[in-house]
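The sequence shown: position 69 = 74 (the numbering used here), numbered continuously.
For every residue, glycine included, the Cβ atom is placed at its ideal position computed from N, Cα and C.
Written out below as structure tokens is the structure these notes cover.
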Amino acid sequence: MKKYLHIYKVTILDNIQYVSNIVLRILSFAIIIFVLFNLWKYMYSDQETINGYSKSQILWYVLITEGIWFGVRNKNFTNEISDSIKSGNIAYSINKPYNYVSYLIVKNLGDITIKSLVFVLVVSTIGTIFIGRLKFTILQIPFVLIALIFSALIFSIIDISISLISFWIEDAMPFHWVFDKLVLIFGTIIPIEMFPNSIKTIFSFFPTYPIMYGPAKIIIDFNFNIFCKIFLVQGIYLICTIIIMNLLYKEGVKKVNVNGG
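Below, the structure written as structure tokens:
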């Protein structure tokens, strides 16, 4: 455990040196939020609520989910894994005195920690200024933190799993692209409640539910029963994604060993 904590700490210290890079992400974030805010304000121009969401709630929802997206997405990291596999450099990494996939998870969490903290501040500031104070109590903080940590873990593991597909195919980027678009459309820009009842249940099984929808729902409309339901889904997703990731890794390592890597 100590070596993973050391990896986490070193990764954070490395990323502190490049905080200026986050400024560009904040600018991109601000532009997207400006567009989405105006879109939703137009849709609410002649009504108070849509599918149970008031205008302030939907604006906070979009702001929070986009903040999560910008905070946990780590494209350079996933490209690094794929490139390492394609170049054969992974043969050196898997022989290090630590579990490779555990190392990847810890490193990714280290990469996104500073970025996520910055976007928490950005989201809080923009929301308070342009939407209004969110109904939020200190007692909710532990539940929100649990949901956000699980969200980051699940997102990281899915991203790592997709990159591990590079053991078998030339380029895993198309799969990352599809996953990113699913997350953006079915959970970030539009809440699940906005979809027709016939497909709402189906979307509840998508990764967007535990990654984006769940944490945002807990923040804007906290209810202990809702938290328990989302926490259960996150727990199931976390276990399933860990199993899938480890299976992909083990089979991939076998492939490397067979080929003399």
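Original post:
Just how far apart, CA to CA, sit N81 and D164?
Top reply: 11 angstroms
Original post:
According to DSSP, is Y58 helix, strand or coil?
Top reply: strand
Original post:
Is the distance from the Cβ of E85 to the Cβ of I37 below 9 angstroms?
Top reply: no
Original post:
Is the beta carbon of K260 less than 9 angstroms from the beta carbon of F172?
Top reply: yes
**OP:** State the Cα-Cα distance for the pair L169 and V67, rounded to the nearest angstrom.
**Re:** 31 angstroms
Original post:
From I90 to L158, what distance separates their C-alpha atoms?
Top reply: 22 angstroms
**OP:** Scan the stretch 32-108 and note each continuous alpha helix (DSSP H) run of 4 residues or more that stays entirely inside, going in chain order.
**Re:** 60-77, 80-92 and 95-98
Original post:
How do the stretch 138-148 and the stretch 211-220 stand: do at least 3 beta-carbon pairs fall below 8 angstroms, yes or no?
Top reply: no
**OP:** Could you check if Y97 is buried or exposed, using at least 16 other CB atoms within 10 Å of its CB as the buried criterion?
**Re:** exposed
**OP:** Examine the Cβ distances between the stretch 46-65 and the stretch 9-16 and report whether three or more of them are shorter than 8 angstroms.
**Re:** no
Original post:
Taking Cβ positions only, does D176 come closer than 9 angstroms to chain D?
Top reply: Looking at the structure shown, chain D is missing, and only one protein chain is on hand.
Subject >> For G240, the three-state DSSP class (helix, strand or coil) >> reply: helix
**OP:** For my contact list, I69 and V128 are in at a C-beta cut-off of 8 angstroms; report their separation, rounded to the angstrom.
**Re:** 6 angstroms
Subject >> Limits of the alpha helix (DSSP H) - the one that D164 falls within >> reply: I146 to L169
**OP:** Identify, in the order they occur along the chain, each residue of the same chain with its Cβ nearer than 8 angstroms to the Cβ of W45, setting aside the five sequence neighbours on each side.
**Re:** K60, I63, L64 and V67
Original post:
Is V111 buried or exposed, if buried means 16 or more other CB atoms sit within 10 Å of its CB?
Top reply: buried
**OP:** Output the distance between the C-alpha atoms of G266 and I95, rounded to the nearest integer angstrom.
**Re:** With a pLDDT of 49 at G266, under the threshold of 50, the modelled position of this residue cannot be trusted, and the question is left open.
Original post:
Helix or strand or just coil, what does DSSP make of W173?
Top reply: coil
**OP:** Can you give me the start and stop residues for the alpha helix (DSSP H) that Y9 sits inside?
**Re:** K7 to I21
Original post:
Helix, strand or coil: how does DSSP classify I136 here?
Top reply: coil
Original post:
For M217, which residues of its own chain have a beta-carbon under 8 angstroms away from its beta-carbon, when the five flanking residues on both sides are left out?
Top reply: T70, I73, W74, S156, V188, G192 and T193
Subject >> N26, DSSP secondary structure in three states >> reply: helix
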